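S.K.: Chains A and B, in that order, give the protein sequences.
Under UniProt numbering, the first residue of the first sequence is numbered 1, with each subsequent residue one higher.
Under UniProt numbering, the first residue of the second sequence is numbered 1, with each subsequent residue one higher.
Note that beta-carbon positions come from the ideal geometry of N, C-alpha and C, so glycine has one too.
Keep in mind that this is a model prediction, so the values were computed, not measured.
There are 2 protein chains.
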Amino acid sequence: MKNFEKTIIYAGKWLQMNVTKFTTTNGGPGIWEHVSRPTRVSDSDGVSILATIKHDNCIKLITVAVYRIPLNQWVLELPAGMIDAKDHDPVTSALRELKEETGYTAFRENVEDVGIIAYNDPWKSNECSRLIKVRVDEKLNENKKPVQDLDPEENINVELIPLDNMQQHLGVLMKEKNYAVDSRIYLFSLGLAFTNK
Amino acid sequence: MKNFEKTIIYAGKWLQMNVTKFTTTNGGPGIWEHVSRPTRVSDSDGVSILATIKHDNCIKLITVAVYRIPLNQWVLELPAGMIDAKDHDPVTSALRELKEETGYTAFRENVEDVGIIAYNDPWKSNECSRLIKVRVDEKLNENKKPVQDLDPEENINVELIPLDNMQQHLGVLMKEKNYAVDSRIYLFSLGLAFTNK
Numbered sequence: 001m002k003n004f005e006k007t008i009i010y011a012g013k014w015l016q017m018n019v020t021k022f023t024t025t026n027g028g029p030g031i032w033e034h035v036s037r038p039t040r041v042s043d044s045d046g047v048s049i050l051a052t053i054k055h056d057n058c059i060k061l062i063t064v065a066v067y068r069i070p071l072n073q074w075v076l077e078l079p080a081g082m083i084d085a086k087d088h089d090p091v092t093s094a095l096r097e098l099k100e101e102t103g104y105t106a107f108r109e110n111v112e113d114v115g116i117i118a119y120n121d122p123w124k125s126n127e128c129s130r131l132i133k134v135r136v137d138e139k140l141n142e143n144k145k146p147v148q149d150l151d152p153e154e155n156i157n158v159e160l161i162p163l164d165n166m167q168q169h170l171g172v173l174m175k176e177k178n179y180a181v182d183s184r185i186y187l188f189s190l191g192l193a194f195t196n197k
Numbered sequence: 001m002k003n004f005e006k007t008i009i010y011a012g013k014w015l016q017m018n019v020t021k022f023t024t025t026n027g028g029p030g031i032w033e034h035v036s037r038p039t040r041v042s043d044s045d046g047v048s049i050l051a052t053i054k055h056d057n058c059i060k061l062i063t064v065a066v067y068r069i070p071l072n073q074w075v076l077e078l079p080a081g082m083i084d085a086k087d088h089d090p091v092t093s094a095l096r097e098l099k100e101e102t103g104y105t106a107f108r109e110n111v112e113d114v115g116i117i118a119y120n121d122p123w124k125s126n127e128c129s130r131l132i133k134v135r136v137d138e139k140l141n142e143n144k145k146p147v148q149d150l151d152p153e154e155n156i157n158v159e160l161i162p163l164d165n166m167q168q169h170l171g172v173l174m175k176e177k178n179y180a181v182d183s184r185i186y187l188f189s190l191g192l193a194f195t196n197k
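1) Does the region 3-20 of chain B come within contact of the region 31-39 of chain B, defined as at least 3 CB pairs closer than 8 Å?
2) Pick helix, strand or coil for F194 (chain B), following the three-state DSSP scheme.
3) Straight-line CA distance for E142 (chain A) to T102 (chain A)?
4) Checking 7 Å against the spacing of the C-beta atoms, do S183 (chain B) and M166 (chain B) come in under that value?
5) Check this for me: beta carbons of V126 (chain B) and P70 (chain A), under 7 Å apart or not?
6) Measuring straight from C-alpha to C-alpha, what distance separates E33 (chain A) and L76 (chain B)?
7) Can you find a CB in chain B that lies within less than 7 Å of the CB of I14 (chain A)?
8) Would you check if there are 3 or more beta carbon pairs closer than 8 Å linking the region 148-162 of chain B to the region 86-100 of chain B?
9) Using three-state DSSP, classify F4 (chain A) as helix, strand or coil.
10) Could you give the C-beta distance for I53 (chain A) and Y104 (chain A), rounded to a whole number, given that I count them as a contact under 8 Å?
11) What residues of chain A sit near V47 (chain B), judged by a beta carbon separation below 7 Å?
12) Please classify A85 (chain B): is it buried, with 16 or more other beta-carbons within 10 angstroms of its beta-carbon, or exposed?
13) Compare the beta carbon distance of A118 (chain A) and V181 (chain B) with 7 Å and say whether it is the shorter of the two.
14) May I have a chain-ordered list of the beta strand (DSSP E) segments no shorter than 3 residues that lie completely inside the region 8-77 of chain A?
15) For the region 72-134 of chain A, list the alpha helix (DSSP H) runs that are entirely contained and at least 4 residues long, ordered along the chain.
16) So, at 6 Å on beta carbons, what are the nonlocal neighbours of L173 (chain B) in its own chain, with the 5 sequence-adjacent residues on each side left out?
17) Suppose you measure from the CA of G169 (chain B) to the CA of K175 (chain B); what does that come to, to the nearest Å?
18) By how many angstroms is the C-alpha of W123 (chain A) removed from the C-alpha of Y10 (chain A)?
19) Is DSSP giving N157 (chain B) helix, strand or coil here?
20) Using a Cβ-Cβ cutoff of less than 8 Å, which residues in the same chain neighbour D45 (chain A) once the five nearest sequence positions on both sides are dropped?
21) Since H34 (chain A) meets chain B, which of its residues come closer than 8 Å, beta carbon to beta carbon?
22) Please list, in chain order, all residues of the same chain as T23 (chain A) whose beta carbon is under 6 Å from its beta carbon, the five residues on each side excluded.
Next comes the structure, spelled out in structure tokens:
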């Protein structure tokens, strides 16, 4: 593939629609439709947070069910958010988003891994986020009764999902609360359950 | 949130750009920019395939590195594809895409799980795919020397990644071949590695 020629079809505030013409490997014409975010200020668009907490004597993943306009449905996702221009580093963004979306407080020393930048839909956008793994201390006073700090356009329920038999717990949540499920959470649960190591 | 009013900004062949106006929970105006696929003919846009094979005496995940125009980079992903109107069911699509993209043959009886429909980027699109888990039989004659069957616009390398220490193998591939990594593969590897069950 060669001779890429990108045209911006729509320059929105949050999303840009692009059409790229190219030449395929056999010399024919090709067209690729894709989107990008004009808001990126760092090496990735955002952060996603794999946060665990000990709760009722078992380790649970802290997830958020978010009402998503593109689907008109609630979707179970990892806490996440964009990296702001004023953020010192991705960990700053991650701890802020975790607090705002879930109410839970974690500190820099609770971060177990500042992960790689991963791509969510590379076939249709260059959107990516850094995956940050953090352990939330359930004994902290701030975490006894966590309180969210949401924007007016955000509707978010916090759901703690036990890692033991996580796939089964996901199924129950989907059925009882009519949640859709984000693919990152589902693949994490498949990894946890994999038995042929 | 209420009073959703969607406008189609661009109706492409593969992607549609939408802007939805809505009223936020405090009564103010809101705008959400999002995309959708006009090509959906089933309950999901596509299939993703979690295919494993025994190779050199260890279990490996069959992944594909695909040259992606939206990033101008090679990205390590799960084999995947769209569901065609003529497909009998998602398993038909999955076995075809696995064969075309990787050369490996699997049959209906090798499918271990026809998984849930999961959402890849619910904050910006309603795109979803069914996650199908399949075991590839390394002893089949067809799988001794697998041959891809690619379209002219596809550039795909097959990469077999050992599940044991998968995170480390991912790091080596990223460094040595300058691959970006899809978030589903990364989260699966995080699940495999999780030690606090």
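M.R.: Based on what the coordinates show:
1) yes
2) coil
3) Approximately 12 Å, taken between the alpha carbons.
4) no
5) Checking the sequence shown, residue 126 (chain B) turns out to be Asn, not Val. Contact flag set, yes.
6) Rounded to whole angstroms, E33 (chain A) and L76 (chain B) show a C-alpha spacing of 20 Å.
7) Note that residue 14 (chain A) corresponds to Trp in the displayed sequence, not to Ile. Yes, W14 (chain A) counts as interfacial toward chain B.
8) yes
9) strand
10) 7 Å
11) Near V47 (chain B) there are no residues of chain A at all, since even the closest Cβ is about 12 Å away, more than 7 Å.
12) exposed
13) yes
14) 16-23, 29-36, 46-55, 58-68, 73-77
15) 90-102
16) The beta carbon of L173 (chain B) sits closer than 6 Å to the beta carbons of Y179 from its chain, once the five residues preceding and following it are set aside; these are given in chain order.
17) Strictly speaking, residue 169 (chain B) in this sequence is His, with Gly absent from that position. If I take the Cα positions, the gap works out to 10 Å.
18) 19 Å
19) strand
20) R37, T39, M82, I83, E127, C128, S129
21) L15, I69, P70
22) K2, N3
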